[in-house]
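J.: Below are the structure tokens for one structure; questions will follow.
The following block contains the structure:
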């Protein structure tokens, strides 16, 4: 089976989050997709097959299926452009219908996804306390302007916004403890964020629920986070930029356009590079 290896949300010719992309005539069985994703070993592999005028898509991490993955969608967009040329592709996910637009950009690709609808709600104090203890933070490390919350943009995430870049760089946690907590709460990632300016954020994303310590670029969490900033009236000015993966040596860049309508889709865009 032909598996493309594409780094999504790259910083030019470096960085980005590696994803597997499998484009076939039909989707393999779920057990085979899980096995292939484990063999590829990236945080996600996207599987796509023709479905009417669009594509049926499923995403698998090394240990589980996820309902939506942003970086693998960007990688899939690059893979579809590589095979079929520039265009907008309709994608039917397990729980939503979205689109990815892609085009060639020199030797690389550029792509933009339209996320599923977003929503958010405040996090319960007990869960916040568990999250702080998991990372060894205290309440004084948090940015009070962006309270801890449960956020959604096709999948569920938890956000902790920190007051300093130093606190973000110091992120560390117990993998098994985090995995148990995230699976209990149905969380795909935990997003830790620092606001350098109102429109420029640095983020990190533990992905223990899927068997990965940290993601260098997380489009689904970025969409959910952008929707949350809209919900709390953050002065985003219509878009935000995110730098992720710096502390892993995999600097990645993500851009999110934020329309004013509450709950509406977020457009997340970036570049992608072939790794083969």
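Numbering (our numbering), first residue to last: -17 to 258.
Here a beta-carbon is modelled for each residue, glycine too, at the ideal position from N, C-alpha and C.
As the structure is a computational prediction, the values presented were derived from the model and not from experiment.
1. Thinking C-alpha only, which one of 100, 156, 137 and 110 is nearest residue 210?
2. Does the Cβ of residue 267 have 16 or more other Cβ atoms within 10 Å, making it buried, or fewer, making it exposed?
3. Jot down the residue ranges of each uninterrupted beta strand (DSSP E) in the region 53 to 118, minimum 3 residues, whole runs only, in chain order.
4. Give the straight-line distance between the Cα atoms of residue 21 and residue 219, rounded to the nearest whole angstrom.
5. Verify whether the separation of the beta carbon atoms of residue 54 and residue 1 is less than 8 Å.
6. Residue 160: buried (16+ other C-beta within 10 angstroms of its C-beta) or exposed?
7. Quick one: what does DSSP say residue 191 is sitting in, helix, strand or coil?
8. Hey, quick one: how far does the alpha helix (DSSP H) through residue 251 stretch, first residue to last?
9. In three-state terms, what does DSSP make of residue 41?
10. Buried or exposed: which applies to residue -3, given that a residue is buried once 16 or more other Cβ atoms fall within 10 Å of its Cβ?
11. Please decide whether residue 48 counts as near chain D, where near means a Cβ-Cβ distance under 8 Å.
12. State the beta-bridge partners of residue 218 as determined by DSSP.
13. Checking 8 Å against the spacing of the C-beta atoms, do residue 50 and residue 202 come in under that value?
14. Give the straight-line distance between the Cα atoms of residue 158 and residue 56, rounded to the nearest whole angstrom.
15. Since residue 97 and residue 205 are thought to touch, with beta carbons under 8 Å apart, how far apart are those beta carbons, to the nearest angstrom?
16. What's the call for residue 255, buried or exposed, on a 16-neighbour Cβ count within 10 Å?
T.: Let's see:
1. 100
2. Absent from the model: residue 267. The displayed extent of the chain is -17 to 258, so no value can be given.
3. Fully enclosed beta strand (DSSP E) runs of 3 or longer: 69 to 74, 79 to 87, 90 to 96 and 101 to 104.
4. Residue 21 and residue 219 have their C-alpha atoms spaced approximately 42 Å apart.
5. yes
6. buried
7. helix
8. It is not in any alpha helix (DSSP H) - residue 251 instead sits in the beta strand (DSSP E) that spans 249 to 256.
9. strand
10. buried
11. Absent here is chain D; the protein component of the structure consists of one chain.
12. Bridge partners of residue 218: none, in fact.
13. yes
14. 29 Å
15. So it is a contact: roughly 4 Å between Cβ atoms.
16. buried
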